[in-house]
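Numbering (the working numbering), first residue to last: 185 to 257.
Cβ coordinates follow ideal geometry from the N, Cα and C atoms, glycine included.
All figures in this text were calculated on a predicted structure; none of them were measured in a lab.
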């Protein structure tokens with residue numbers, strides 16, 4: 185996987201994390217989870233979003249070359 189594809193994949197993962205955050209809000213509003221559970225899980229999701237954002241920025245700014253190993257069975 186080259187950098188462009190990795191960055192695209194990470195962007196999709198970030199979008200999915202935002203979707204989960206919205207689903208948590210819906211679950212709280214429908215009383216499927218408590219407010220405390222919502223706060224705890226939202227903090228975890230926001231942490232993941234921040235990590236993904238940082239990784240994307242780092243990959244974009246430093247032009248990292250990914251090292252891949254070709255495994256042949």
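{"Asked": "Contact the stretch 237-247 vs the stretch 214-225: 3+ CB pairs below 8 Å", "Found": "no"}
{"Asked": "Within 8 Å, strictly: CB atoms of residue 232 and residue 201", "Found": "yes"}
{"Asked": "Residue 226 vs residue 198 beta-carbon contact at 8 Å", "Found": "no"}
{"Asked": "Residue 214: first and last residue of the uninterrupted alpha helix (DSSP H) it sits in", "Found": "Unbroken run through residue 214: none, as it is neither H nor E."}
{"Asked": "Within 8 Å, strictly: CB atoms of residue 214 and residue 229", "Found": "no"}
{"Asked": "N-terminal and C-terminal residue of the alpha helix (DSSP H) that residue 235 is part of", "Found": "219-246"}
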